Amino acid sequence: MGGKRGGRARSKSNSKIPVVQNKQYKALRNHQLEVSPKSDHKAILKSLKEEQTRKLTQLAEQYEQSINEMMASQSLRLDEEQEAECQALRQQLHQEMELLDAYQNKTKAQMENQHECEVQKLEQKASLQVKTAVPWDRWLTSFEDYLLALGHSDLAEARKCALLRHCLGQEGQRIFATLTLSDDKYVTATAALKAHFSCGSSRRMHRFEFRQRTQKPGETVAHYVSAFDELARLCDFGVLEDGLIVDQLIEKTSCNQLRERLLLEPDSTTLAVRNGSSGGTQVRSRCARTCDVITTVSSAHSDCRGS
Numbered sequence: 001m002g003g004k005r006g007g008r009a010r011s012k013s014n015s016k017i018p019v020v021q022n023k024q025y026k027a028l029r030n031h032q033l034e035v036s037p038k039s040d041h042k043a044i045l046k047s048l049k050e051e052q053t054r055k056l057t058q059l060a061e062q063y064e065q066s067i068n069e070m071m072a073s074q075s076l077r078l079d080e081e082q083e084a085e086c087q088a089l090r091q092q093l094h095q096e097m098e099l100l101d102a103y104q105n106k107t108k109a110q111m112e113n114q115h116e117c118e119v120q121k122l123e124q125k126a127s128l129q130v131k132t133a134v135p136w137d138r139w140l141t142s143f144e145d146y147l148l149a150l151g152h153s154d155l156a157e158a159r160k161c162a163l164l165r166h167c168l169g170q171e172g173q174r175i176f177a178t179l180t181l182s183d184d185k186y187v188t189a190t191a192a193l194k195a196h197f198s199c200g201s202s203r204r205m206h207r208f209e210f211r212q213r214t215q216k217p218g219e220t221v222a223h224y225v226s227a228f229d230e231l232a233r234l235c236d237f238g239v240l241e242d243g244l245i246v247d248q249l250i251e252k253t254s255c256n257q258l259r260e261r262l263l264l265e266p267d268s269t270t271l272a273v274r275n276g277s278s279g280g281t282q283v284r285s286r287c288a289r290t291c292d293v294i295t296t297v298s299s300a301h302s303d304c305r306g307s
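According to the UniProt record's numbering, the stretch in the sequence shown is residues 1 to 307, in order.
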């Protein structure tokens, strides 16, 4: 009987250990997350989970070893009641390990969801101007030209604002509804929209868009080069701009012939951007050593279409 009471006491004591371990783990995790930068949270959580798993595994091994030692030290054979108690302890240990695995899987899923949300937020900010199809300044210029062409440039403020909201589309109207305007004047509305579409736009974000730009299916080489040139203007690359455009074109183009021909050019080669017109080709050179590779681009584009 004394052995039974001792076994029960040990089982109650051992069953409390995971609870204590969880509390200590949570306290340690919260402390480390508070004192460390957010970029290190994923690595810290992973390290803590591995340490907790290791400790629980070690605890399980010690628990199993203590049971084996206790059984080996007794000369009497376990009766049915003791055998059932031992089996219950084993089952309890198995359940606790399953709970630990479930908790780890849940935590991993939460971390992955959080990571996906952060990536989506970053992409949403990075494509803030892309959602409007064109940068805000260009869109506004086009809209005001539209008003002028229709003879509506002298409309009342309320009507101009109404036309503005209508032309913004559903997404633009949703954004407009969230803005706080001091009055209902057209100038106030356009200034608020400009401030909104400019917020979050940084050199780093524009460079991110520049590096991520790939050639779309069916997109011509001339249009692709022009898109790179337009993105580069916002990146403030300075004298490196043309060379970086060539590098991105080599890496991201879907035209293998163009890539091969550009790779054969000397390192000093930069890209003279073509402004497409039906009458001919207009070349813009940005520095004295700029090499005109329009022939290369055009012939490679013809090869791509032929293939």
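Don't be surprised by glycine CBs; every beta carbon is placed ideally from N, CA and C. Note that the structure is a prediction, hence the values are computed from the model and not measured.
By a C-beta neighbour count over all protein chains shown, 10 Å radius and 16 as the cutoff for buried, is C255 buried or exposed? To locate residue 255, count along the sequence shown from 1; it is residue 255. Buried: at least 16 other Cβ atoms inside 10 Å.
Could you give the C-beta distance for K42 and M111, rounded to a whole number, given that I count them as a contact under 8 Å? Start at 1 with the first residue of the sequence shown, and residue 42 comes out as number 42. Start at 1 with the first residue of the sequence shown, and residue 111 comes out as number 111. About 6 Å; that satisfies the 8 Å criterion.
Segments assigned alpha helix (DSSP H), at least 4 residues, entirely inside the segment 190-239: 203-212, 221-233
Alpha carbon to alpha carbon, what distance is there between K26 and L33? Working through the sequence shown from its first residue, we reach residue 33 at position 33. Working through the sequence shown from its first residue, we reach residue 26 at position 26. Answer to the nearest angstrom: the Cα atoms are 10 Å apart.
For D184, does the three-state DSSP call read helix, strand or coil? Your numbering for residue 184 matches position 184 in the sequence shown. Note: D184 maps to coil in three-state DSSP.
Can you give me the Cβ contacts of D236 inside the same chain, cut-off strictly under 7 Å, excluding the 5 residues immediately before and after it? Sequence index remark: in the sequence shown, residue 236 carries index 236 (1-based). Contacts found: R203.
Could you tell me the alpha carbon to alpha carbon distance between A232 and F143, rounded to whole angstroms? On the sequence shown, residue 232 is found 232 positions in, with the first residue counted as 1. On the sequence shown, residue 143 is found 143 positions in, with the first residue counted as 1. Between A232 and F143, the C-alpha separation is close to 25 Å.
Indicate the three-state DSSP secondary structure (helix, strand or coil) for S142 in the structure shown. Position 142 of the sequence shown, counted from the start, is the residue given in the question as residue 142. DSSP places S142 in helix when its eight states are reduced to three.
C-alpha gap between D137 and K194, whole angstroms: As a position in the sequence shown, residue 137 is number 137, starting the count at 1. As a position in the sequence shown, residue 194 is number 194, starting the count at 1. So the two alpha carbons sit approximately 8 Å from each other.
Cβ neighbours of D183 in the same chain (closer than 7 Å, five flanking residues each side left out): What you label residue 183 is simply residue 183 of the sequence shown in a count that begins at 1. Cβ within range, chain order: n/a, list empty.
How should E241 be labelled, buried or exposed, when 16 other C-beta atoms within 10 angstroms of its C-beta is the threshold for buried? For the purposes of this step, residue 241 is taken as the residue at position 241 of the sequence shown. Buried, because 16 or more other Cβ atoms sit within 10 Å of the Cβ of E241.
Could you give the DSSP three-state label for C255: helix, strand or coil? For the purposes of this step, residue 255 is taken as the residue at position 255 of the sequence shown. Residue state, collapsed to three classes: coil.
I'd like to check one pair, Q212 with Y224: are the Cβ atoms closer than 8 Å? Taking the first residue of the sequence shown as position 1, residue 224 is located at position 224. Taking the first residue of the sequence shown as position 1, residue 212 is located at position 212. Going by C-beta atoms, Y224 is not nearer than 8 Å to Q212.
Just reading off the alpha helix (DSSP H) that G151 is part of, what are its end residues? Looking up residue 151 in the sequence shown gives position 151. Here G151 belongs to no alpha helix (DSSP H), and DSSP marks it neither H nor E.
Tell me the rounded alpha-carbon separation between L258 and P217. For this step, residue 258 is matched to residue 258 along the sequence shown. For this step, residue 217 is matched to residue 217 along the sequence shown. The straight-line gap from Cα to Cα measures roughly 15 Å.
Which two residues bound the contiguous alpha helix (DSSP H) that contains S39? Residue 39 sits at position 39 when you count from the first residue of the sequence shown. No alpha helix (DSSP H) holds S39; DSSP gives it neither H nor E.
Here's the rule I'm using: 16 or more other beta-carbon atoms within 10 Å means buried, otherwise exposed. How should Y63 be labelled? As a working mapping, residue 63 is identified with position 63 in the sequence shown. Sixteen is the threshold: when 16 or more other Cβ atoms of the shown chains lie within 10 Å of the Cβ of Y63, as they do, the residue is buried.
Tell me, to the nearest whole angstrom, how far the beta carbon of L48 is from that of R29; I am working on the premise that it is less than 8 Å. Taking the first residue of the sequence shown as 1, we reach residue 48 at position 48. Taking the first residue of the sequence shown as 1, we reach residue 29 at position 29. Sure, about 5 Å apart at Cβ, within 8 Å.
Do the CB positions of L234 and H206 come within less than 8 Å of each other? Here residue 234 refers to the residue found at position 234 when the sequence shown is read from its first residue. Here residue 206 refers to the residue found at position 206 when the sequence shown is read from its first residue. Yes, these two residues count as a Cβ contact at 8 Å.
If we require 4 or more residues per run, which alpha helix (DSSP H) segments fall completely within the segment 46-131? 80-126
Determine, using beta carbons only, whether T190 and L150 come nearer to each other than 8 Å. The residue given as residue 190 occupies position 190 in the sequence shown. The residue given as residue 150 occupies position 150 in the sequence shown. Cβ distance not < 8 Å, so T190 and L150 don't count as in contact.
Terminal residues of the alpha helix (DSSP H) in which E171 lies: Translated into the one-based positions of the sequence shown, residue 171 becomes position 171. Note, E171: alpha helix (DSSP H), 157-178.
How would you label K160, buried or exposed, when you count the other beta carbons within 10 angstroms and need 16 or more for buried? On the sequence shown, position 160 is the one that residue 160 refers to. With 16 or more Cβ atoms within 10 Å of its Cβ, K160 is classed as buried.
Find out if the Cβ-Cβ distance for the pair L264, V246 is shorter than 8 Å. Looking up residue 264 in the sequence shown gives position 264. Looking up residue 246 in the sequence shown gives position 246. Contact: no.
Collapsed DSSP secondary structure at D267 in the structure displayed: Residue numbering aside, residue 267 sits at position 267 when the sequence shown is read from its first letter. The answer is coil: DSSP assigns D267 none of H, G, I, E or B.
I need the straight-line Cα distance from residue 355 to H166, nearest angstrom please. Nothing in the structure corresponds to residue 355, since the chain is present only between 1 and 307.
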